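Here is the structure we will look at.
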Amino acid sequence: MAINVVCLECGQGNRIPEAKLDAGAKCATCGAGLIKGEPTEVSLDLLVKAARIDGIPLIVDFWAAWCQPCRMMAPEFATAAKALKGKARFAKLDTEAFPQANKRYDIRGIPLLIAFQGGHEIKRQSGVISASKIVEWASGFSLA
Ligand code: ZN
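Throughout the sequence shown, residue numbering follows my numbering, covering 1 to 144 in sequence.
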């Protein structure tokens, strides 16, 4: 089985064998790691593409620099990204840099986590939560 994933660095679509999820799969175009145990900052265009194409759950932290709770949650999000490496991918979107995201994703407050897979929003969570709660929250949809 091959899975489609968009490179979170350059936006290139890649197909990787499911068996290679843990083996350091790299983007065919830019060479960036496709499965990283850390969040990647993305643009709105890239997010829209990845949310449409990714076969692996993509968990996005919608944040802004002025948002104190967002800054509190950032290390928790990073810890969860490490814990779920190979099971879900993690991205961050700066809602101040990309204000159009607010309308597109019906964002009423941040921090907000939204998980996407196979072209759909599969789950969302508002407010600050700990790394262990993020992992628990993702357990219903992350890959085994
Ligand atoms: Zn790339």
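Where a beta carbon is used, it is the ideal one built from N, C-alpha and C, also for glycine.
The structure presented is a predicted model; accordingly, all values stated were derived computationally and were not measured.
Assign residue i to one of two classes, buried (16 or more other C-beta atoms within 10 Å of its C-beta) or exposed (fewer than that).
i   : result
G11 : buried
D54 : buried
W66 : exposed
C70 : buried
Consult DSSP for residue i and reduce its assignment to one of helix, strand or coil.
i    : result
L44  : helix
F98  : coil
F77  : helix
A138 : helix
S132 : helix
A25  : coil
P17  : strand
R108 : coil
Round the Cβ separation of residue i and residue j to the nearest angstrom and send it over; I've been treating them as touching at under 8 Å.
i   : j    : result
E76 : A131 : 4 Å
K92 : P39  : 5 Å
Report task. Kindly provide the chain-ordered list of residues whose Cβ lies closer than 5 Å to any non-hydrogen atom of the ligand ZN. Result -> C7, E9, C10, Q12, C27, T29, C30 and A32
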